[in-house]
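Everything below concerns the one structure shown next.
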Amino acid sequence: MRKLISIILILLMLIQTPIWGIAEGNSSKEQTTKISTETHINDQNGNNNGNNDNKDNNEEDITTSEENPEDSNVSIIITDVDSGETTIRPNNTFTLKIALKVYPETTEKIPIYVQLEKSDSFSPVGTGSRKKAVPDKSIYTVTFDKIYYNGGDNTTIPITISYDLNGKTRSISDYISITNISPSKEEDKKTEGDPNITIVSSKTISGQAGESLYVPITIKNSSDSWARNITVTAEIEGGSPIALRGSGHEDIYYLRGGKTEDIQFRVDIDEYAESKTYPIKINFQFYNSDGKSYTGSDTVYIKVENKNKKPLISINKIDIKPEVSEADKPTKVGFQLINNGTLEARDIKISLGGIGNDTFTIASGLNSRYIDRISGGKTAYVEFEIIPSIKLPGGSHGLDLVLNYKDGTGQSYEDSSKFFVNVASNKGRGSNLIIENLIYPDGAVGHNKDVNIGFTLKNVGKMDAKNIKVSVESSDQAAIVPKTVSIKKIESLAPNQSERLSFIFLTTKDGETRNYPINITVEYEDDLTEGQEKHTLTQYVGVYIVKPGDDIKTTPKLIIDKYSFEPNLVRAGENFTMSLSFFNTNSQKAVRNIKIFLTAEEKTDPNSQSSGGNVFTPVGSSNTFYIDSIPPKGRVEKVITMFTVPDAKAKTHTVTANFEYEDSDGTQYTATELIGVPVVQQSKLEIGEISLPSEAFVGEAIPISVEFYNTGKVTLYNMMVKLEGNFQTEDSRYYIGNFEMGTSDYFEGTIIPEETGELTGYLVFTYEDSSGEVVEIREEFTLNVMEAMPMDESLEDMVPEEESKGFKGIWIALILIAASIGGFIFYKKKKEKGMALDE
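In the numbering used here, the protein residues as written are 1 to 839.
What follows is the structure in structure tokens.
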């Protein structure tokens, strides 16, 4: 009977008011209402706008059946409202399903949305009030999972149905009725109490610097009253290294008395955060059922632990190409840099120290390179192109790599490391002046006669000769005096440039009948000799003066006026070529039937393999030359190849040239000339095995020692051993001085590692060989460095106090005895080794 009355009422309402309908929901599918779009289309503001004549021109154009006749055939009918079969009690929730049907059934699927409007008794929980209907053929279903009933007696829920058709949005206003409710009785209605929100979960969360983490929070309504529309906001003080990610607030629709709810915030911890605890304030805003507003707050803490290491950049690898640099030629020096810290290094500036005109110059660009950043544990590579100065002597030369960088907080760091570039010897690269086209009197000169001496001075070297001073002086100022200036200066001569010079002398009446030497001396310098001894070139010419009334009696003399070797320094155990120039000094007589034979000094070392033999022996020929004749003032050049015995001493050895010849009258003569041959021995330094432990600890002193031997046949001069590497040292330099052949010595020092990881260092041996060349030998060693081990005090604690004192006394005595013995041995070794230079 009740259902019949309801149907009659609904029909009467449809007849009288065709723009709205009622559908009651209590799991019954019999109560449905047809809603026609012909008379129930809302405007943009949700107002019922059945009369288009009153429409505002500025409003969105909503098409009605008059604008599009096809739309008038579309109808949406609520076919079912399902709120469950059980009675809904106050403060309970239920599931609400609404079924819609679109007519005609042949209509293509269209998007339909259902929105629950504000109701006195009902509200959605956990979701919004608007949902999209799910189509199944011509039936569309929308489900609201949780609808809260507050116990009110109003059964209606206003709804709005909206859909898109032909590119236009249309909406229908309606309402449904929920009839299976049990409203609260008047006597059950009580005044709502005050809800209380607190945090009941742990208020301290641990995290690492540089990480992102979630902060879980459990809040509880510790009262008996409901809390509604709860907003939880996280607040962080300014300057904190903790930063919120996201909005920093969470919303909870309601929370019953005694219930809890879990939420979480995500925070980022700065990688430079200090190891300490940082607060986060949690603010609450909520309402009771009567709409009364409440606020509250609590605090949670983030306990930060920072295990990060500050940025520390060092050289991981050095590439030098070529390995031996040549003066005035570019050399590429590359550095692989590594950040040994865990934090990022930024704004990195890399500079070379020790650059200058007298050392190294930059081939192009600036003396600095820049890198934006290097992450912790990562590497980067920079390269410089440098040019060694011609002034640098051969050997190893040090430069500094200077590093400047910052961390993420802007703190600045600076460090420098020394590296070495091996430069080739510059011998043969300087200037070299020679005298050519020498002219002087060939015959005899009487008294009061001019003596003209002229020659060409030429630079056959590879560098400018500068500040040239030419002096031509008589050995006897009483017999020959200068008629022109005897000293001339030339500012410079470039390579292959020459200049003609002439000087005039006058013979005096005091001159006796004999030969007077004239000395030609040339002094000059170049870039290699700045601040050192100048180059000197000397040449002699002879002027033969005949006193009036004396007969001219001359004896032809045969001399070696010049000789040379290839190579310039003769090496023991190798062949060399000797070029000899034989000169007839007589201006009037020729020499003939000339026999020249060479003799070398005998080897006098009785212990050598070649004892009693000659230092030099000819190769492929005999040691005798024959020359038919040499005209007056004439020259003849001869070349001979000779072998130097392997055990020849490193010194200048003498070769004697023996002459036998005749003049044009058949008079026989003999003479000798001495030739100095510089011999050098190959230096040999044997280095034993480096002695050091395989593992070490940071900050602990590590002994390192090595024995070395002079296995060559020559003394090593100015010898020094030193330690190089990225570590602190003690006794890092040992100066031996002259290291005699056949002897041995040893080096011992101490290194103190400053950081963990593989430590690389070098033992550097430097000395000068018999030719004056600087030789450097670098022996690399590696060491695995670990963190320092903590002292274990448990053993000492286990010993009773009195017994501990006894043991300590014994240990102290043993240590003192060991130290005394060690000091005595160390002193004795030091005394044997000589002087050590500490860094």
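Even for Gly, the Cβ is constructed at its ideal location relative to N, Cα and C.
Using the C-alpha atoms, what's the distance from Pro135 back to Phe859?
Residue 859 falls outside the range modelled here, since the chain spans only 1 to 839, and no answer is possible.
Short check: CB of Ile157 to CB of Ile176, under 8 Å?
Here residue 157 is taken as the residue at index 157 of the sequence shown, counted from 1. Here residue 176 is taken as the residue at index 176 of the sequence shown, counted from 1. Going by C-beta atoms, Ile157 is nearer than 8 Å to Ile176.
Identify, in the order they occur along the chain, each residue of the same chain with its Cβ nearer than 8 Å to the Cβ of Leu674, setting aside the five sequence neighbours on each side.
Here residue 674 refers to the residue found at position 674 of the sequence shown. These residues qualify, in order along the chain: Thr654, Val655, Thr656, Ala657.
List, from N- to C-terminal side, the beta strand (DSSP E) runs of 3 residues or more that fit wholly inside the region 739 to 766.
Runs found: 744 to 752.
Determine the extent of the beta strand (DSSP E) in which Gly699 is found, giving its start and end residues.
For the purposes of this step, residue 699 is taken as the residue at position 699 of the sequence shown. Where Gly699 is concerned, there is no enclosing beta strand (DSSP E), given that its DSSP letter is neither H nor E.
Report the rounded CA-to-CA distance for Ser119 versus Ile139, giving the unit in angstroms.
As a first step, residue 119 must be located in the sequence shown, where it is residue number 119. As a first step, residue 139 must be located in the sequence shown, where it is residue number 139. Distance between the alpha carbons of Ser119 and Ile139: 26 Å.
Using the C-alpha atoms, what's the distance from Ser222 back to Tyr301?
Indexing the sequence shown from 1 puts residue 301 at position 301. Indexing the sequence shown from 1 puts residue 222 at position 222. About 22 Å.
Pull the bridge partners of Phe643 from the DSSP assignment, please.
On the sequence shown, position 643 is the one that residue 643 refers to. Note: Phe643 sits in a beta bridge opposite Asn575, Thr617.
Is the number of C-beta pairs between the region 527 to 537 and the region 560 to 574 that are closer than 8 Å three or more?
Flag = no, the region 527 to 537 and the region 560 to 574 do not touch.
Spatial neighbours of Pro279 within its chain, please: CB distance less than 6 Å, with the 5 preceding and 5 following residues excluded, ordered by chain position.
Here the question's residue 279 lines up with position 279 in the sequence shown. Only Thr299, Tyr301 meet the Cβ criterion.
Based on DSSP bridge pairs, tell me the residues matched to Lys203.
Taking the first residue of the sequence shown as position 1, residue 203 is located at position 203. Answer by DSSP bridge pairing: none, since Lys203 is not bridged.
When the Cα atoms are used, what is the spatial distance from Asp194 to Ile77?
Working through the sequence shown from its first residue, we reach residue 194 at position 194. Working through the sequence shown from its first residue, we reach residue 77 at position 77. Each residue's Cα considered, the two are about 45 Å apart.
Tell me which residues share the same chain as Gln264 and place their Cβ nearer than 7 Å to its Cβ, disregarding the 5 neighbours each side in the sequence.
In the sequence shown, counting from the first residue as 1, residue 264 sits at position 264. Cβ neighbours of Gln264 beyond the five flanking positions: Tyr214, Val215, Pro216, Ile217.
Would DSSP call Asn73 helix, strand or coil?
Residue 73 sits at position 73 when you count from the first residue of the sequence shown. Correct three-state label for Asn73: helix.
Helix, strand or coil for Ala818? Go by DSSP, reduced to three states.
Here residue 818 refers to the residue found at position 818 when the sequence shown is read from its first residue. Note that Ala818 scores 48 on pLDDT, short of 50, meaning its location in the model is unreliable and no value can be drawn from it.
Just tell me which of Asn150, Lys101, Tyr113 has its CA closest to the CA of Thr93.
Within the sequence shown, the letter at position 93 stands for residue 93. Answer by Cα proximity: Asn150.
What is the DSSP secondary structure of Arg778, reduced to helix, strand or coil?
Here residue 778 refers to the residue found at position 778 when the sequence shown is read from its first residue. Arg778 falls in the strand class under three-state DSSP.
If distances are taken between C-alpha atoms only, which option among Glu525, Arg245, Val421 comes closest to Ile490?
For this step, residue 490 is matched to residue 490 along the sequence shown. The residue with the shortest Cα to Cα distance from Ile490 is Glu525.
Since Lys281 and Glu235 are thought to touch, with beta carbons under 8 Å apart, how far apart are those beta carbons, to the nearest angstrom?
Translated into positions along the sequence shown, residue 281 becomes position 281. Translated into positions along the sequence shown, residue 235 becomes position 235. Right, their Cβ atoms sit about 4 Å apart.
Can you list the beta strand (DSSP E) stretches of 3 or more residues lying completely in the region 659 to 741, in chain order?
List check, beta strand (DSSP E) in window: 668 to 680, 685 to 687, 695 to 697, 702 to 710, 716 to 725, 728 to 730, 733 to 739.
Please look up how many angstroms separate the CB atoms of Ser206 and Lys303, rounded, as I've assumed it's under 8 Å.
To locate residue 206, count along the sequence shown from 1; it is residue 206. To locate residue 303, count along the sequence shown from 1; it is residue 303. Yes, Ser206 and Lys303 are in contact; Cβ-Cβ is about 5 Å, under 8 Å.
Below 7 Å CB to CB, which residues in the same chain sit around Leu795 once its five sequence neighbours on both sides are set aside?
Position 795 of the sequence shown holds residue 795. Below a pLDDT of 50, predicted positions are generally treated as unreliable, and Leu795, at 45, falls in that range; no measurement from the model is reported.
For Lys633 and Ser431, what's the separation of their Cα atoms in angstroms?
Sequence index remark: in the sequence shown, residue 633 carries index 633 (1-based). Sequence index remark: in the sequence shown, residue 431 carries index 431 (1-based). The straight-line gap from Cα to Cα measures roughly 30 Å.
What do you reckon, are the CB atoms on Ser471 and Ser486 nearer than 8 Å?
Translated into the one-based positions of the sequence shown, residue 471 becomes position 471. Translated into the one-based positions of the sequence shown, residue 486 becomes position 486. Result yes, Cβ atoms of Ser471 and Ser486 sit closer than 8 Å.
Roughly how many angstroms lie between the CA atoms of Asn718 and Phe739, to the nearest whole one?
Counting from one through the sequence shown, the residue named residue 718 turns up at place 718. Counting from one through the sequence shown, the residue named residue 739 turns up at place 739. Computed Cα separation, rounded: 8 Å.
Just checking my contact of Pro753 with Val698 at CB under 8 Å: how many whole Å lie between their CB atoms?
Walking along the sequence shown from the start, residue 753 turns up at place 753. Walking along the sequence shown from the start, residue 698 turns up at place 698. Confirmed, about 5 Å.
State yes or no: is the C-beta of Asn339 within less than 8 Å of the C-beta of Ile313?
By 1-based counting over the sequence shown, the position of residue 339 is 339. By 1-based counting over the sequence shown, the position of residue 313 is 313. Their beta carbons are under 8 Å apart, which means Asn339 touches Ile313 by this criterion.
Check Pro124 in the structure and name its three-state DSSP category.
Residue 124 sits at position 124 when you count from the first residue of the sequence shown. Strand, per DSSP.
What residues are listed by DSSP as bridge partners for Val636?
To locate residue 636, count along the sequence shown from 1; it is residue 636. Its beta-bridge partners are Phe582.
Check Asp495 in the structure and name its three-state DSSP category.
Residue 495 sits at position 495 when you count from the first residue of the sequence shown. The sequence as given places Pro at residue 495; Asp does not occur at that position. Here Pro495 sits in coil by DSSP.
Quick one: what does DSSP say Asp82 is sitting in, helix, strand or coil?
Translated into positions along the sequence shown, residue 82 becomes position 82. Correct three-state label for Asp82: strand.
Considering only the alpha carbon of each residue, which of Leu96, Tyr103, Lys101, Thr107 lies closest to Gln115?
Here the question's residue 115 lines up with position 115 in the sequence shown. Per the Cα distances, Leu96.
Just curious, the beta strand (DSSP E) that Asn437 is in, first and last residue?
Taking the sequence shown and counting its residues from 1, one reaches residue 437 at position 437. Its beta strand (DSSP E) spans residues 433 to 439.
How about Ile390 and Ala363: do their beta carbons lie closer than 8 Å?
The residue given as residue 390 occupies position 390 in the sequence shown. The residue given as residue 363 occupies position 363 in the sequence shown. Not closer than 8 Å, so no.
Thinking C-beta only, is Phe659 closer than 8 Å to Ile594?
The residue labelled residue 594 in the question sits at position 594 within the sequence shown. The residue labelled residue 659 in the question sits at position 659 within the sequence shown. In this structure, Phe659 lies closer than 8 Å to Ile594 by Cβ.
When DSSP labels each residue in this structure, what does Leu626 get in the three-state scheme?
Taking the first residue of the sequence shown as position 1, residue 626 is located at position 626. According to the sequence displayed, residue 626 carries Tyr and not Leu. Strand.
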